[in-house]
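Sequential numbering from 1 applies to the sequence shown in UniProt numbering.
These notes concern the structure reproduced below.
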Amino acid sequence: MITIRSLRSLFGWLDPFVALLLATLVVAALAPPVGTYATALGEVRWAIIAIVFFVAGLRISPTATLNGLRDWRLHGTTLGLTFVAFPVVAGLVALATAPLVGTELTTGLLFLGALPSVVQTSVTFVSMARGNTAAAVCAASISNLAGVVVTPLLVLLLIGSYAGIGLGQVVAVLTQILVPFAIGQALHGRLGGWAARHAVAVRWVDRGAVLLIVYSAFGAAVAGGVWQRLPVSQLVVVGVCCATLLAVALTVSYFGSGALGFAREERAVITFCGSEKSLTTGLPMSTILFSASLAGVVIVPVIIYHQLQLIACSLIARKLGDRVESPVIA
């Protein structure tokens, strides 16, 4: 007879957030957002992300934020992993598997390597790992700002296809992430205690934002028929490539940062900010850099990598957080 206790013993290794993530993927595949529903979802997602970073600003000491901005050794290491080491490894993997996946998906793997880090989930995972959250906000935000210029240049270098990117991407990053965070910082003295008293609720707001992003992005790909255009064999090979890239990125960032002498809190920042790639940045940027028909296929490796990094990083962040008896308060 199957009991709750037996289920817990069987699936006790599965993080509740990962279970919710897998359920979100199933819902997105069965009922993807379309039409006005998709538009409304985009508006709600924007609001939730803004709230997340407003609350993050409330919880973090402004002094810790300034210290994070001044740590250029940390930011330089993260940017080097994101825009130098990762593109090199992605290029080698794409070159080795090009005969198996074809030109379009090879282009997608190279495009994946050129993308900046993720802000929303990087900060969430660093917080789960009880790392330096203020530095994570700064590192991931700097990565996204740099990506507006660096990503198209890398695409030009790696792929030979280039199109201009407007100021809209910079404005989007500033308004969606940095502005709410700055407002929260300004109100930290008055409302920081409230955020501390509601830490559990705030954490689930963070995770809810991640689930919303996953549902919106994966559902849009399903609604657009992306998965019907590609053979299963090619998707399997691309999945293996993405898993390999993620494993290499996490290994190099975690152990490399330790070899460079970074503290545990900063190693968490480098590990997650240096290994993650932004789906929410990659989707709109692909429509600028590539033709409409090519963009629909180029984003496939980005989507696969995004799902893998959420699952892997959530498990790793939970393990790293469990090693710490109590959170580090700035």
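Where is the CB? At the ideal position from N, CA and C, for every residue including glycine.
Predicted model only: the values in this text are computed from it and were never measured.
Contacting residues, own chain, Cβ-Cβ under 8 Å from residue i (five flanking each side not counted)
| i | result |
| --- | --- |
| GLY258 | ARG267 |
| LEU154 | PHE83, PRO87, GLY113, ALA114 |
| GLN234 | LEU100, VAL101, GLY102, LEU105 |
Own chain residues within Cβ distance below 6 Å of residue i, not counting five before or after
| i | result |
| --- | --- |
| LEU100 | VAL237 |
| residue 331 | Since the first residue shown for the chain is 1 and the last is 330, residue 331 is missing from the structure and cannot be characterised. |
| THR106 | ALA94, ALA98 |
| PHE125 | PHE272, CYS313, ALA317 |
| GLY147 | PRO116 |
Residue i versus residue j: straight-line alpha-carbon distance, rounded
| i | j | result |
| --- | --- | --- |
| GLU104 | ILE159 | 11 Å |
| PRO152 | ARG197 | 43 Å |
| LEU279 | PRO116 | 9 Å |
| VAL123 | VAL149 | 23 Å |
| VAL232 | ALA195 | 46 Å |
| GLY261 | ARG73 | 11 Å |
| LEU41 | LEU191 | 29 Å |
| GLY35 | SER286 | 21 Å |
| ALA263 | ALA29 | 41 Å |
| HIS188 | ILE303 | 36 Å |
| GLN169 | ASN144 | With a pLDDT of 44 at GLN169, under the threshold of 50, the predicted position of this residue should be treated as unreliable, and no value is reported. |
| SER127 | ALA85 | 25 Å |
| CYS273 | THR78 | 7 Å |
| GLY224 | PHE290 | 17 Å |
| PRO32 | LEU156 | 33 Å |
Contacting residues, own chain, Cβ-Cβ under 7 Å from residue i (five flanking each side not counted)
| i | result |
| --- | --- |
| GLY91 | LEU110, GLY113, LEU158 |
| ASP71 | ALA135 |
Residue nearest to residue i in terms of C-alpha spacing, selected from the options
| i | options | result |
| --- | --- | --- |
| VAL300 | LEU320, LEU230, LEU315, ALA312 | LEU230 |
| ALA94 | GLY108, THR82, PHE83, ALA85 | GLY108 |
| LEU246 | THR39, CYS313, LEU289 | CYS313 |
| ALA38 | GLY147, ILE142, VAL126, TYR215 | TYR215 |
| PHE83 | GLN307, ALA140, LEU315, VAL55 | ALA140 |
| ALA243 | ALA223, VAL89, VAL269 | VAL89 |
| VAL269 | ALA31, ARG323, ALA129, GLY208 | ALA129 |
| HIS75 | CYS138, GLY102, LEU58 | CYS138 |
| GLN307 | GLY321, VAL297, VAL298, GLY239 | GLY239 |
| ILE142 | VAL298, GLY80, ILE311 | GLY80 |
| VAL297 | THR121, LEU58, LEU315, GLY282 | GLY282 |
Residue i classed as buried or exposed, judged by whether at least 16 other C-beta atoms fall within 10 angstroms
| i | result |
| --- | --- |
| PHE255 | exposed |
| LYS319 | exposed |
| GLN185 | buried |
| VAL118 | buried |
| ALA96 | exposed |
| VAL26 | exposed |
| ASP322 | exposed |
| GLN228 | exposed |
Segments of 3+ residues assigned as beta strand (DSSP E) that fall wholly inside the segment 90-121: List check, beta strand (DSSP E) in window: nothing returned.
Runs of beta strand (DSSP E) wholly within the segment 209-282 (minimum 3 residues, chain order): Correct list: empty.
Completely contained alpha helix (DSSP H) runs for the segment 138-162, where each covers 4 or more residues: Taking 4 residues as the minimum length, the segment 138-162 contains no alpha helix (DSSP H) run wholly inside it.
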